[in-house]
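Just so you know, the protein sequences line up as chains A and B, in that order.
So for the first sequence, UniProt numbering puts the first residue at 1; every next one is plus one.
So for the second sequence, UniProt numbering puts the first residue at 1; every next one is plus one.
All C-beta atoms in this analysis are idealised placements derived from N, C-alpha and C, irrespective of residue type, glycine included.
All figures in this text were calculated on a predicted structure; none of them were measured in a lab.
Report on the structure given below.
Number of protein chains: 2
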Amino acid sequence: MKYTLKPNGELSAQIALAIQDAIVAGTLLVDERLPSESELGERFGVSRSTVREALKRLAAKNLIRTQRGASGGAFINRISFEDAYPQQITTSTLLLSMNDVSFETACEARYAAERACIPLAAQRCQPDHLAAMRAEIHRQKQSGLSDESFCASDVAFHRALVDGAGNAVLAYQLVSAIESMQPLMNMITFSERDRTTIIQFHSDIADAIETHDATRAEAALAALANYTATLADQFRAKREKLRQSAKAVD
Amino acid sequence: MKYTLKPNGELSAQIALAIQDAIVAGTLLVDERLPSESELGERFGVSRSTVREALKRLAAKNLIRTQRGASGGAFINRISFEDAYPQQITTSTLLLSMNDVSFETACEARYAAERACIPLAAQRCQPDHLAAMRAEIHRQKQSGLSDESFCASDVAFHRALVDGAGNAVLAYQLVSAIESMQPLMNMITFSERDRTTIIQFHSDIADAIETHDATRAEAALAALANYTATLADQFRAKREKLRQSAKAVD
DNA sequence: ACATTCCAATTGTCAGACATTTAAAACATT
DNA sequence: AATGTTTTAAATGTCTGACAATTGGAATGT
Numbered sequence: 001m002k003y004t005l006k007p008n009g010e011l012s013a014q015i016a017l018a019i020q021d022a023i024v025a026g027t028l029l030v031d032e033r034l035p036s037e038s039e040l041g042e043r044f045g046v047s048r049s050t051v052r053e054a055l056k057r058l059a060a061k062n063l064i065r066t067q068r069g070a071s072g073g074a075f076i077n078r079i080s081f082e083d084a085y086p087q088q089i090t091t092s093t094l095l096l097s098m099n100d101v102s103f104e105t106a107c108e109a110r111y112a113a114e115r116a117c118i119p120l121a122a123q124r125c126q127p128d129h130l131a132a133m134r135a136e137i138h139r140q141k142q143s144g145l146s147d148e149s150f151c152a153s154d155v156a157f158h159r160a161l162v163d164g165a166g167n168a169v170l171a172y173q174l175v176s177a178i179e180s181m182q183p184l185m186n187m188i189t190f191s192e193r194d195r196t197t198i199i200q201f202h203s204d205i206a207d208a209i210e211t212h213d214a215t216r217a218e219a220a221l222a223a224l225a226n227y228t229a230t231l232a233d234q235f236r237a238k239r240e241k242l243r244q245s246a247k248a249v250d
Numbered sequence: 001m002k003y004t005l006k007p008n009g010e011l012s013a014q015i016a017l018a019i020q021d022a023i024v025a026g027t028l029l030v031d032e033r034l035p036s037e038s039e040l041g042e043r044f045g046v047s048r049s050t051v052r053e054a055l056k057r058l059a060a061k062n063l064i065r066t067q068r069g070a071s072g073g074a075f076i077n078r079i080s081f082e083d084a085y086p087q088q089i090t091t092s093t094l095l096l097s098m099n100d101v102s103f104e105t106a107c108e109a110r111y112a113a114e115r116a117c118i119p120l121a122a123q124r125c126q127p128d129h130l131a132a133m134r135a136e137i138h139r140q141k142q143s144g145l146s147d148e149s150f151c152a153s154d155v156a157f158h159r160a161l162v163d164g165a166g167n168a169v170l171a172y173q174l175v176s177a178i179e180s181m182q183p184l185m186n187m188i189t190f191s192e193r194d195r196t197t198i199i200q201f202h203s204d205i206a207d208a209i210e211t212h213d214a215t216r217a218e219a220a221l222a223a224l225a226n227y228t229a230t231l232a233d234q235f236r237a238k239r240e241k242l243r244q245s246a247k248a249v250d
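Below is the structure:
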């Protein structure tokens, strides 16, 4: 099954790909045990170190787990949503920071994604998700909250909204859009007035969800998106001004 | 910088995590060169093999690339959307197949995601994306097309729609929702009548997008979603019936 | 100035050893 | 017979040292 390697670059990469393909194709099933490292080495005609590098590649992607000792070995992992989240969020965050994506683009993606959840959330929102949203709103009202904490709470609020849609697949796809925005949001300093306005929108959304009013929730979300864009504009203007004065001194 | 390891499991995993953290934190910049494997080994107090396993973990996640030869080494990768897509799609596909997600849930996520793109696509859809959509519609009309090819074209159509929203971040988040559905869609056999109906919805969507009519596009998409759900129901009923008769024979 | 050769650095691969972990088998005790 | 202890074997984790392959730059020759 795993004998044909596509000649392409390093052996460890080829072997990792061959095994990955077998997993995706369903040839290797969840919790199935791979042959031992030595045996894989024999089958592929490579040394144990090369096999190990291949297995580490797969482990990095959560495709396998390894166990030591007798009856240990490498086992095909059942990838859970919980396992996949961190990886997904890390990648999204790096995509944003490394490709100088504009704040507007990221923001637009975030609110478009959330908008998709609103009808579902309004329809099925459970008490616990609603409670989570209310709790974050309460936290956001606390004075003396750092910008970072405020943003973190903001993320948590929106994540609760997405979870409220009651669709694990949708949540998985969208949470990274929200989480990966946090570094960008953290750059903005929120005045007391900004926070009050944002909290008001959050309350509106929560209220609308509670009364299963999707239309109103969408409107509130749109208003929040709009307001966030305004804040981003202000921030950019401020930064530009700073840059100008720095230039003047220079 | 990379000296403090969180004691947790294998050394190669700890080292990989330490470097990953440095990348995410921005301590290591794009295209920056890591120390050589031997030097990293000295710094972390481990052997070269262990360092290599750590680097392979990072390479599997596209975080670094390696180059041989003088002035070679491991370099921090600028993760592009193109690089991130396949990884993301693979993970999504495995999540669906390994967690017995229902067709309904996956479908719901898919159409919710697409719905989020409609307003943006209607607003800014470019001729090339529209042409891509039309081309797929044309392909879908060909007789003698296998179910797999029809589904592939369906995926391509919807992907063009998402791309038409003109937001790379949004596209990245949502394409996997669409692509990972393909294995599930492939299980359904489409009759000639089914295809005609689906193609009609596709045409409706394309027309609406072309005339910047978001409301109509959303309606057409909703109708398509509804129809797909019906087909899935039929499929499930048919399979159930087969199972019953198999039981009777048994 | 340009082409060629050589060299040194670096990753890729291999082989073999030992350390560590773990479950199961073998053994001893009650 | 049941239970607790020791031994053992298998497997991964790590280390060491070696060599192959690649590659950019330095040295050399024309």
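Option in B:Q87, B:E32, B:E53 with minimal Cα separation from S71 (chain B) | B:E32
Where does G41 (chain B) land, buried or exposed, given buried means 16+ other C-beta within 10 angstroms?
-> buried
Roughly how many whole angstroms lie between the Cα atoms of R52 (chain A) and E37 (chain A)?
-> 7 Å
8 Å Cβ shell around L242 (chain A) - same chain, five flanking residues per side excluded = none
What are the partner residues of G73 (chain A), as DSSP defines its beta bridges?
-> A:Q67
Beta-carbon spacing of C117 (chain B), V46 (chain B) below 8 Å = no
Three-state class that DSSP yields for R33 (chain B) in the structure shown = strand
On a CA-only basis, which of B:V155, B:A74, B:D147, B:G144 is nearest A135 (chain B)? Give me that one, please.
-> The shortest Cα separation from A135 (chain B) among B:V155, B:A74, B:D147, B:G144 belongs to B:V155.
Measure the C-alpha to C-alpha separation of L120 (chain A) and N77 (chain A) and round it to an integer number of angstroms.
-> Distance between the alpha carbons of L120 (chain A) and N77 (chain A) is about 31 Å.
Apart from the five residues just before and just after A219 (chain A), which ones in its own chain have a Cβ nearer than 6 Å to its Cβ?
-> Closer than 6 Å at the Cβ level, and outside the excluded window around A219 (chain A), lies no residue.
What are the residues of the region 76–91 of chain B that lie near chain A, defined by any Cβ-Cβ distance shorter than 8 Å?
-> R78, I79, S80, F81, A84, Q87, Q88, T90, T91
Could you tell me whether the region 158–178 of chain A touches the region 104–111 of chain B, where touching means 3 or more Cβ pairs closer than 8 Å?
-> yes
Could you tell me whether any Cβ in chain A is nearer than 8 Å to the Cβ of Y227 (chain B)?
-> no
Would H138 (chain A) be called buried (16 or more neighbouring beta carbons within 10 Å of its own) or exposed?
-> Per the 10 Å Cβ criterion, exposed.
Beta carbon of N99 (chain A) nearer than 8 Å to that of S80 (chain B) | yes
Would you say M187 (chain B) faces chain A, with C-beta separation under 8 Å as the test?
-> no
Integer-rounded CB distance, given that S97 (chain B) should sit under 8 Å from R57 (chain B) = The pair is not a contact, with the Cβ atoms about 24 Å apart (cut-off 8 Å).
Have a look at residue 272 (chain A) and T215 (chain B) and give me their C-alpha separation to the nearest angstrom.
-> Residue 272 (chain A) lies beyond the range of chain A shown here (1 to 250); nothing can be said about it.
Between K141 (chain B) and the rest of its own chain, which residues show a CB-CB distance below 7 Å, the 5 nearest in sequence each way excluded?
-> I199
Can you tell me whether DSSP reads A16 (chain A) as helix, strand or coil?
-> A16 (chain A): helix per DSSP, three-state reduction.
Starting from the Cα of N226 (chain B), find the closest Cα among B:L174, B:T27, B:R239, B:T197 and give me that residue.
-> B:T197
Could you check which residue in B:L95, B:E210, B:S191 has the C-alpha nearest to that of Q234 (chain B)?
-> That would be B:S191, whose Cα lies nearest to the Cα of Q234 (chain B).
May I ask which residues mark the beginning and end of the alpha helix (DSSP H) holding L55 (chain B)?
-> Its alpha helix (DSSP H) spans residues 48–60.
On the three-state DSSP scale, how would you describe L96 (chain B)?
-> In this structure, DSSP gives L96 (chain B) a helical state, which the three-state scheme calls helix.
Do we get a CB-CB distance below 8 Å when we pair S146 (chain A) with the residues of chain B?
-> No, because no Cβ of chain B sits closer than 8 Å to the Cβ of S146 (chain A).
Select from the region 166–177 of chain A all residues with a C-beta closer than 8 Å to any C-beta belonging to chain B, and list them in chain order.
-> Within the region 166–177 of chain A, N167, A168, V169, L170, Y172, Q173, L174, S176, A177 place their CB atoms closer than 8 Å to a CB of chain B, listed in sequence order.
Taking the continuous alpha helix (DSSP H) assigned at G164 (chain B), which residues delimit it?
-> 147–164
Determine the extent of the alpha helix (DSSP H) in which V101 (chain B) is found, giving its start and end residues.
-> Segment: none, V101 (chain B) is in no alpha helix (DSSP H) and carries neither H nor E.
Who are the near neighbours of N186 (chain A) in its chain, counting only those whose CB is closer than 8 Å to its CB and skipping five residues on each side?
-> D147, E148, C151
Distance between beta carbons of Q123 (chain B) and H212 (chain B), contact taken as under 8 Å = 7 Å
Between the region 29–57 of chain A and chain B, which residues of the former have CB atoms less than 7 Å from a CB of the latter, in chain order?
-> V30, S49, R52, E53, K56, R57
Closer than 6 Å by C-beta to A232 (chain B): which residues in its own chain qualify, once you throw out the five before and the five after it? Chain order, please.
-> F103
Just curious, the alpha helix (DSSP H) that S176 (chain B) is in, first and last residue?
-> Where S176 (chain B) is concerned, the enclosing alpha helix (DSSP H) stretches over 168–179.
Nearest-angstrom Cα distance between G69 (chain B) and Q14 (chain B)?
-> 27 Å
Would you mind stating whether L130 (chain A) and I209 (chain A) have Cβ atoms separated by less than 8 Å?
-> yes
What is the C-beta distance between H158 (chain A) and I188 (chain A), in whole angstroms, given that I count them as a contact (C-beta under 8 Å)?
-> Wrong, their Cβ atoms sit about 16 Å apart, outside the cutoff.
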